[in-house]
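Reviewing the structure listed below.
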Amino acid sequence: MRGVHRLDLPSEGIAFDPTTGDTFMVNDSGSRILRALQTGSSEQEVVSILRQEYPVTREDAERDVSDFHSRLRTLGLA
Amino acid sequence: METIFVGVSGINAVDNPGPGIAVARSLKEDPELNVRIAGLAYDAMDPGIYMDWVIDKSFIMPYPSAGGEGYLQRLLEIKESYGLDIVIPNLDAELPVYIKYAAQLREHGIDSFLPSDQQFRLRGKDKLADLGDLIEVRVPKTEVVTSLAMLAPAVERIGLPVMVKGCFYKAHRAYTFQEAVAEFEKLVAEWGYPVIVQQVVAGDELNLVGMGDGEGNSLGMVAIRKIWITSLGKIWTGVTIQNERLLAAAERFIRVFRWRGPFELECIVNDDQLYLIEINPRFPAWVYAATGVGINFPSQLLRCSRGLPVAKNGQYAAGKLFVRYSYDLVTEMTAFQNILHRGESP
Chain A
1 MRGVHRLDLP SEGIAFDPTT GDTFMVNDSG SRILRALQTG SSEQEVVSIL
51 RQEYPVTRED AERDVSDFHS RLRTLGLA
Chain B
1 METIFVGVSG INAVDNPGPG IAVARSLKED PELNVRIAGL AYDAMDPGIY
51 MDWVIDKSFI MPYPSAGGEG YLQRLLEIKE SYGLDIVIPN LDAELPVYIK
101 YAAQLREHGI DSFLPSDQQF RLRGKDKLAD LGDLIEVRVP KTEVVTSLAM
151 LAPAVERIGL PVMVKGCFYK AHRAYTFQEA VAEFEKLVAE WGYPVIVQQV
201 VAGDELNLVG MGDGEGNSLG MVAIRKIWIT SLGKIWTGVT IQNERLLAAA
251 ERFIRVFRWR GPFELECIVN DDQLYLIEIN PRFPAWVYAA TGVGINFPSQ
301 LLRCSRGLPV AKNGQYAAGK LFVRYSYDLV TEMTAFQNIL HRGESP
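Here the protein sequences come in this chain order: A and B. My numbering numbers the first residue of the first sequence as 1 and each following residue consecutively. My numbering numbers the first residue of the second sequence as 1 and each following residue consecutively.
Given below as structure tokens:
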């Protein structure tokens, strides 16, 4: 998750990579996942955070976190 | 406050802009300097001539290719009639003349802050492959072509598509050998030999402006990612970045070459690999982006050459947006007539 740590989250819905200049749009839960990953949370801990803060089943939360992680890998951020 | 008369070239603020307007504007924004800008123009239609809030007075210059003596004479005339304490040349084609006559200009009281002739040659497009090893960056396959007969084997070794580049300016992508020949002939007609044939590297364009003190030390650097470019490949929108690999390459360039003066690194990043495309021995046209984030390179240059205090803080913020825009002005026809007839603005 080295790439995630370098992301700047200057405002709601935006993630900026100061190394490459890439700007990403993320939704509310995406921002929450990024912030959690930046503070060192594991995937399972992120799932728990999503379940606490959003009306979502464990199964949906696990799938969303897994999908998000795949997307980060595609973008070279994980 | 002492008035410093600064000659600034490259005031052609057109679709492929020279750096002059950004340089002049940066100088005027240093509150501790009192500068008068002499615009050194090559064409009566250069927009900078008419931008009197940036360029105080403009002069038509002879082309540097016409001979150094005439060029030197023109600078001395400007010094006598208007004042000229320092020159900041911003165009590749004129740099050899300024470097050659730097000592003579200094004897006449005209300073500059330029690389040596040897430094200038070592960073040439034809020396790029050797330079990449020295500063530890990859360089796309590059061949120097000095005749039409050399073009076909060069293109074959590199593989299509290729970039066909002039020795000073212009670069065109060629997808077929026929296109390569056509671009080659156009470049030779306009800029002469050599022509550079280079492998096309896909990726994001990252550029860096920096300045060396001539002793191996950096006077600052700012990197930018091109977000939007014109049809000529020139930056129109960009964002400042902190790319450690690019900044480290620039530090090595300054240290290894003991570079004196401004420079621009043009790079492409592709799958975490950094490719060096070109090193320009001058300010880039986007240098105002650096001024905007707090590193005023033109002011640093002027201060270095005049022995004035130089800012040491080289920190800048990533994520600052650079936006170029077009603008219109209306002025008297006499301004144009004056520059045509007298070779200088009113």
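Using N, Cα and C, we set each Cβ at its ideal position, and we do this for glycine too.
- In this structure, 156/B is the residue among 156/B, 168/B, 201/B with its C-alpha nearest to the C-alpha of residue 181/B.
- The count of Cβ pairs closer than 8 Å, one atom from the region 279-286 of chain B and one from the region 256-263 of chain B, reaches three, so the stretches are in contact.
- Within the region 267-279 of chain B, contact with chain A at the beta-carbon level (separation under 9 Å) is assigned to 269, 271, 272.
- Within the same chain, and ignoring the five residues on either side of residue 227/B in sequence, the residues whose Cβ sits closer than 7 Å to its Cβ are 237, 238, 239.
- Chain-ordered listing is empty here: chain A has no CB closer than 7 Å to the CB of residue 103/B, the nearest sitting near 41 Å.
- Contact between residue 290/B and residue 209/B holds, since their C-beta atoms are separated by about 5 Å, short of 8 Å.
- Residue 38/B places its beta carbon less than 8 Å from that of residue 57/B.
- Boundaries cannot be given for residue 325/B, as no beta strand (DSSP E) includes it and DSSP labels it neither H nor E.
- Of the candidates 45/A, 20/A, 76/A, 29/A, 29/A places its Cα closest to the Cα of residue 54/A.
- The Cβ of residue 239/B sits closer than 8 Å to at least one Cβ of chain A.
- In this structure, residue 4/B lies away from residue 303/B, with their beta-carbon atoms at least 8 Å apart.
- In this structure, 223/B is the residue among 319/B, 296/B, 223/B, 301/B with its C-alpha nearest to the C-alpha of residue 267/B.
- Collapsing the DSSP output to three states places residue 55/B in coil.
- The Cβ of residue 21/A sits closer than 8 Å to at least one Cβ of chain B.
- The C-alpha of residue 186/B lies about 20 Å from the C-alpha of residue 124/B.
- Taking every protein chain shown into account, the CB of residue 149/B has fewer than 16 other CB atoms within 10 angstroms, so this residue is exposed.
- The three-state secondary structure of residue 299/B, taken from DSSP, is helix.
- For the options 159/B, 331/B, 248/B, the alpha carbon positioned closest to that of residue 199/B is the one of 159/B.
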